[in-house]
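Trainee: First, the structure itself, so that you have it in front of you.
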Amino acid sequence: MQFSKFGEKFNRYSGITQLMDDLNDGLRTPGAIMLGGGNPAAIPAMLEYFHQASSDLLASGELVAAMATTMVHKEKMRLLNRSLNCCAIPMAGTLPKKTSA
111 MQFSKFGEKF NRYSGITQLM DDLNDGLRTP GAIMLGGGNP AAIPAMLEYF HQASSDLLAS
171 GELVAAMATT MVHKEKMRLL NRSLNCCAIP MAGTLPKKTS A
């Protein structure tokens, strides 16, 4: 099949395709140590925190509302900040704006 130049960009081998192939090769290689492909480690204290935060969001109705509607960026950031309030670093997009002195 012949593609336009624009279509060829989507049909060619890409970096993410190479990454997925490499991860797949690792899974099929005996003795290979897989480090999760970028997924964070499962830290028991954080798993408990996420469980509690998601339970709270479910109980308040915010979780279902978030899943059932299209949220604008500001609403997503509010929900993420509320559920991840344990983190010392603010979520992207929520940093205070710089003011000139």
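If you want this note's numbering, it's the 1-based position in the sequence shown plus 110.
Glycine is no exception: its CB is placed at the ideal position from the N, C-alpha and C atoms.
Note that the structure is a prediction, hence the values are computed from the model and not measured.
1. For P140, does the three-state DSSP call read helix, strand or coil?
2. Quick check on I153: does DSSP put it in helix, strand or coil?
3. Can you look up G125 in the DSSP assignment and give me helix, strand or coil?
4. Output the distance between the C-alpha atoms of S170 and T180, rounded to the nearest integer angstrom.
5. If I measure Cβ to Cβ from L189 and keep anything under 8 Å in the same chain, skipping five residues before and after, which residues do I get?
6. Can you list, in chain order, the residues of its chain whose CB lies under 7 Å from that of A142, leaving out five sequence neighbours each side?
7. Using a Cβ-Cβ distance cut-off of 9 Å, determine whether T139 contacts chain C.
Mentor: A quick look at the data gives this:
1. In the structure shown, the three-state DSSP call for P140 is coil.
2. Residue state, collapsed to three classes: coil.
3. Here DSSP, grouped into helix, strand and coil, assigns G125 to helix.
4. Those two C-alpha atoms are separated by around 18 Å.
5. The beta carbon of L189 is closer than 8 Å to those of L167, E172, A176, M181 in its chain, skipping five residues each way along the sequence.
6. So the list reads G136, once near-sequence residues are dropped.
7. The structure shown contains no chain C; it is built from a single protein chain.
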